[in-house]
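For the sequence shown, the numbering used here begins at 168 and goes up steadily by one. All C-beta atoms, glycine included, are put in the ideal place defined by N, C-alpha and C.
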Amino acid sequence: MVNDIVLETWTKNGETTGLLRHRNDEDTKPLYAYRSQILVISMIFSVLIITFLLSVIDFWIDDDQFVQSQHAIVKNKSLPSMKNREYFDQCAPIVSCDYSDKYRTSNGTCNNPNNPIWGSSNTPFIRLVDAHYSDGISKLRTSSDGEPLPSAREIQVKLFLNKQIRIPDKNNQLLMQWGQFVAHDVSNLAIDTNGEDCCIYKNELEVSRACEATIKIPIDDPVYSKYNITCMRFTRAMTSNNYSCPLQPLTFIDDASHFIDGSQIYGSNDYVVSKLRSFTGGTLISVLDNNQEFCPRSSFKSSDTNKYLYNSGDSRANLNLGIALFHNMFLRFHNYVAFKLKTENSLWSDEKLYQESRRFVGAIIQHITYTQFLPIILGKNYTKDEVLGGNNKYDPTVNPSTSQEFSTGAFRVLHNIIPAQHRFIDSNYTTVQIVNVTDWMNCPYLLQQGSNYDQLLRGLLSTEGRLSQPSYNPLISNLMFHSNNLIGVDLLSYDIQRGRDTGLPPYNKMRQLCGLPVAKSFDDLIDIIPIDVSDKLIKYLFFKYELMLLYGLVIDIYELETLYSSVDDIDFIVGALLETPENDALVGNTSRCIISDFFYRSRVGDRFFYDNNGQSGQFSKNQLEIIKSINLDHIICTTSSVDNLQNNIFTKVDNGWYSSMKWSCSEKYMIDFKPWKEHTTLNLIFIYTCLWFVMTQFKLAPNYALTYDDYANLCAPTISCDPNVKYRSINGSCNNLKTPWFGASITPHLRILDAYYDDGEYQFRKQTNGNPLPNARYIQLKMFLDKQFPYPNDHNILFMEWGQFIAHDTTHLPPDVSVGSNCCDLQKLNPVPAQCQAVIEVPENDPIYSKLGQTCINFNRARTSISDGCQLKPATFMVQSTHFIDGSQVYGSVEELAANLRSFKDGRLKSDFSVDQQEFCPQRNRTSLQCDTSTHSLICYFAGDNRVNQNPGIALFQNIFLRFHNIVAYQLYRFNPFWCDEEIYQETRRIIIAVIQHITYSHYLPILLDENHFNYHRFLLTDWMNKPDLLSLPNNFDGLLRGFQEMPTREEQPSYNTWISNFLFQKTTPKFISNDLLSADIQRGRDTGMPPYNKMRSICGIPEATEFDDLIDLIAYEDIQKLKTLYSYVDDIDFIVGALLEMPAEGSKVGPTSQCIIADNFYRQKIGDRFFYDLRGQPGSFTSEQLHILKNMNFGSVLCATSNLRYLPEDIFMPFNSKSNSRQIDCNAFALNLNAWKDIYIML
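In structure tokens, the structure reads:
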């Protein structure tokens, strides 16, 4: 090719000659002084001069010295961090990080452990050289003589516009588009768009800062003068001043993350990220059109107001058809990866699938950029030595931030390879249409018409690109961003002016930075034309094209002298564009130096770079092998209908395309995701079996019995925590920073005393004489069945329901139903499964069940830690909820459930609305595993705890707090419209938890420990067990609330009413009537190894009884006599039986032993909760004003906000109309006031 001949003529072993820069001592005139002579004579004369000088003077630039100095910027890793230090010292936000996290943050923070904001979005571009402004602060640079610099448009017209150097490139148009895609990943310079027309004439004193850099157009401009246009609009970029950080000189903020991390796809902040996620299966939101997947549509319209724009992670996704195609390509690829990962890991949550897919896609973008794209732009050997050289270790001393010189300088040199047109090519490789690039700026919808996506992709693959050269095509020079067939803007003029706007150093300074000799005069610039005249001189003399090109570049130097007062005034991008590409690169030496500097720092300074070793987010060896085998071909194959692809994806297809297109997608481009398959146990928190760990690490015998301490030391999950996070985790971890799993979900119940089992491990406790303990149903019949007490309680059912609501918040011990939920049906098996060996036999003379033919009360043993992947002995039981009072019954105790309950819109929880527009928890399909409703129930609510449907009371409370959450979230959104969904959700959850804690400790516990406990219902509670439909009937939500206020509960006493004792969870099947709650409670105590009653007395400071009669201090005489007939020894009495029989302590409604154990639990839940609502001095502590508001709230505040009730009793937990609670309070007195949460924030 002609271009190859030019390079061969001008280079020798990579050495750059000093030709025409070194002269004799004679006062000779510059070569261009002879421009008035005949062209041929001047060319011959220049060649003779070259030949003479090179034959006499062996004065070559030392190539080794040049390379060493040129790359000094890359090797001196500390150099970039020397500039813009003021921002990091004065304005950098304080962030908290968990450096064990394997995933990047969305905004790029927490990458560097020493400087956590390096490379994050909304932080400054760094500078390699000090900013150049005429006043040292903000005024555009002027010439050395103090005059204004030449108009950017005048430079474009004189140096670039009319050149017709159209040398075809061997690469295709896809190369340019990838460069733009990557540029949008690492750089987004916000423009100060205030809607002002900067070309409307104003007095200079009235011109705003944004408009002070408009581009003047010469009156003789060959294009704009025809339209009488004398001014080109140009708005200055936003600075740190716009971000509340006034710095001098001007400092510019990068809205994107500085890393190559796919932020243009996913977004650079949590708000954008949440808007793009579907929160299902780890996928991104997409729309289907003609069975093709596309980015979702934005709420904004395109320049063609009847059409749409795409919504993506970067607002420039719609800039042109090519960039829009890439955004859709990677949306499809992300969702493809998420689907494949879910296929391999069906247990992964949406969050993990999303993060792993994002991590995978980010790695692929990095791999393509460094192994396919950069070798073409910078040259293969140069990229290998200077960008990819060295080991693959992360260096925390390297600042990875995008440099100003790269973003608004060197990388914009590649704008000159932007094509003028796009070709659409069908599957037969016939061109079906050609469109001008400038006609479809911000109009991406053409992609979705017919097969245009695939046809444009074939066009980009098959069409030759523009060689990087000192010329721009006329469309890019004049018609960028035009509309309605009007003239547009000139991209190069914009690039020149943007360089001045951002204070870029002049070209000569950049040469110096990169190790090139400083030009002292315009003549010295001739070194940008490296000529080798040794054995190629004949080619040079006889190929007219080369002669003309040399003459043209000499003319460029002359034109530079006519434009600029001094060689030191030349704009960086102007000089960089005029440089001849070095060797096999597409850019000249100065551009290559700055570009390579950025990509070197972006690799070495990125802790999450895909092939870095020794980091928490590193890929396994097998995973890395797969990633390194993937290139852009694979992505095209998986996201389009294009089949045959060339070997080198960025190389254009020649006329004999069948020979170039060697590979079919079906042959080469299948991606293997097996290395991502995770082998897990039933519970993902415990990724290893604890017993195996003990055996292998400590060589213990197989029958070794593990204690609770063994769980803490060996089976507890390893968790890393950030002590500065103000919000509690969903699963309760990281509350205790010393022992992060304390109180977390799926961790063991704490035992105050050792477990009591007959074999020390799992078998039910026996009596002291070795006989089995008495039948639980027999104890219920003998001691408790339906005793009639004349006095009602003085607290209402709301009080009882609050107790159950709190119980569901802090404990959830599910039965082991792995062999079936009805163990009574499995008693004929031999052997009976261990989970079903504790069913309760019905006594022959049972007054209820014997008449109905029921001989067995179902009882499944509780699920032990073995089911959660940690084998412990004696049996250890995992709490599925968190142990804290933290609203987990509302929000869930695991991340996946919490995410499924969220709407991800303005902090709200998902909800459904009834016909009369009342808000309720969302409903599940009745066939869901979370539903346990009777066959005729139509409602199954979905909440943070699957016991939401257990009875109408608990369902009522779940709906109350769903409504309350959404009301609070709406109020916070009104006060703080700039808050993202995540912040509103977390702050609302924090407030709700505080309200629940405050009601529990200030209103509920004083009653519980002093007055009352158990329950009674006037409607038959058993008729509505697992049937929450009652709530959805018209007016029943408010009606049930009124009933709960007015009806007293049962007084705490040693009796259970008939319905609770016999018909709890009643079924309609004739095989199985119901359960007895107390019998089940007694049996559950034995199941979980509960110590006997006498042992519990002793730990509460009550003397142990040595014989039954010693119980007279707490238990009535007649009850002691009955106990003697049931148990052989006083030490055998079940804890719950003794506790129920105790007479209430003075001023209390529970006995002293229950009072002791309950008080102990709530004391530890308060004093051991780092996020407890009134605790001061913690990251999550409320302000004094906020705490004052919270402490003035009570359950009445919640009920007024969430129901249609207008009046409430003064004491919400006492029956209304009782003598002591006859006063009503207007709900207006409970108005929600969240003024203290208003964030004082100036919107910019």
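Item: Ile1163 to Lys893 span [Cα, whole Å]; Value: 18 Å
Item: Contacts around Glu1086, its chain only, beta-carbon distance under 8 Å, and the 5 residues preceding and following it disregarded; Value: Ser1078, Asp1079, Phe1080, Asn1126, Leu1129, Arg1130 and Asn1133
Item: Sequence-distant residues of the same chain with beta carbon closer than 8 Å to Tyr537, five excluded per side; Value: Thr550, Val554, Leu555, Phe766 and Arg770
Item: Buried or exposed by the 16-neighbour rule on C-beta atoms within 10 Å, applied to Met399; Value: buried
Item: Under 7 Å between C-beta atoms of Gly576 and Phe426; Value: no
Item: Backbone CA spacing between Phe1397 and Ile1160 [nearest angstrom]; Value: 18 Å
Item: Cutoff 7 Å: Glu726 Cβ touching any chain C Cβ; Value: Among the chains of the structure shown, chain C does not appear; only one protein chain is present.
Item: N- and C-terminal bounds of the alpha helix (DSSP H) containing Gln522; Value: Asp517 to Ile535
Item: At least 3 beta-carbon pairs within less than 8 Å: the stretch 346-360 vs the stretch 410-424; Value: yes
Item: Gln1233 versus Ile1024: straight-line alpha-carbon distance, rounded; Value: In this predicted model, Gln1233 has a pLDDT of only 47, less than 50, meaning its place in the structure is not dependable; the value taken from the coordinates is given anyway. So the alpha carbons of these two residues sit roughly 11 Å apart.
Item: Segments of 3+ residues assigned as beta strand (DSSP E) that fall wholly inside the stretch 587-632; Value: 588-592 and 598-603
Item: Span of the beta strand (DSSP E), counted from its first residue to its last, around Ile1392; Value: Gln1391 to Asp1393
Item: Asp456, enclosing beta strand (DSSP E) - first and last residue; Value: Val454 to Asp456
Item: Own chain, CB closer than 6 Å to Cys264, minus 5 neighbours either side, in chain order; Value: Cys277 and Pro283
Item: Burial state of Val1135, where buried means 16 or more other Cβ atoms lie within 10 Å; Value: buried
Item: Local Cβ density within 10 Å of Gln1047, reported as buried at 16 or more and exposed below that; Value: buried
Item: Contact set for Pro941: own chain, Cβ-Cβ below 7 Å, skip 5 residues either direction; Value: Leu1293 and Tyr1294
Item: Gly742 to Tyr674 span [Cα, whole Å]; Value: 6 Å
Item: Pair within 7 Å by beta-carbon distance, Ala686 and Val734; Value: yes
Item: For Arg525, the nearest candidate out of Gln431, Leu492 and Tyr596 (CA to CA); Value: Gln431
Item: Nearest-angstrom Cα separation, counted from Val1061 out to Ile584; Value: 51 Å
Item: Neighbourhood of Leu174 by C-beta, 6 Å cutoff - its chain only, sequence neighbours within 5 removed; Value: Legend: pLDDT at Leu174 = 24, less than 50; position of this residue unreliable, no value from coordinates given.
Item: Spatial distance of Tyr1016 from Ile1287 (CA atoms); Value: 27 Å
Item: First and last residue of the uninterrupted beta strand (DSSP E) at Pro1376; Value: Tyr1374 to Pro1376
Item: Where Trp830 falls: helix, strand or coil (DSSP); Value: strand
Item: Under the three-state DSSP convention, the category Pro1215 falls into; Value: Low local confidence applies: a pLDDT of 49 at Pro1215 is under 50, so the model's placement there is unreliable, with the coordinate-based value given in what follows. Reduced to three states, the DSSP call for Pro1215 is strand.
Item: Cβ-based burial, Glu1011 [other Cβ within 10 Å; buried from 16]; Value: exposed
Item: Cross-strand partners of Lys261 (DSSP beta bridge); Value: Position check: residue 261 holds Ile in this sequence, whereas Lys was assumed. In the DSSP output, where bridge partners are listed per residue, Ile261 has none listed.
Item: The stretch 780-798 in contact with the stretch 448-462 per 3-pair CB rule at 8 Å; Value: no
Item: The beta strand (DSSP E) enclosing Val459, as first and last residue numbers; Value: Checking the sequence, you will find Gln at residue 459 rather than Val. Looking at the DSSP string, the run of the beta strand (DSSP E) that includes Gln459 is Gln459 to Phe461.
Item: In chain order, each alpha helix (DSSP H) run of at least 4 residues that lies wholly inside the stretch 338-412; Value: 340-353
Item: The beta strand (DSSP E) enclosing Leu476, as first and last residue numbers; Value: Tyr475 to Tyr477
Item: Nearest to Gln347 (by Cα), restricted to the options Asp481, Asn756 and Leu1244; Value: Asp481
Item: Reduced DSSP category for Lys560 - H, G, I as helix; E, B as strand; rest coil; Value: strand
Item: Residue environment, Gly1363, which counts as buried when at least 16 other CB atoms sit within 10 Å; Value: buried
Item: Lys819, DSSP secondary structure in three states; Value: coil
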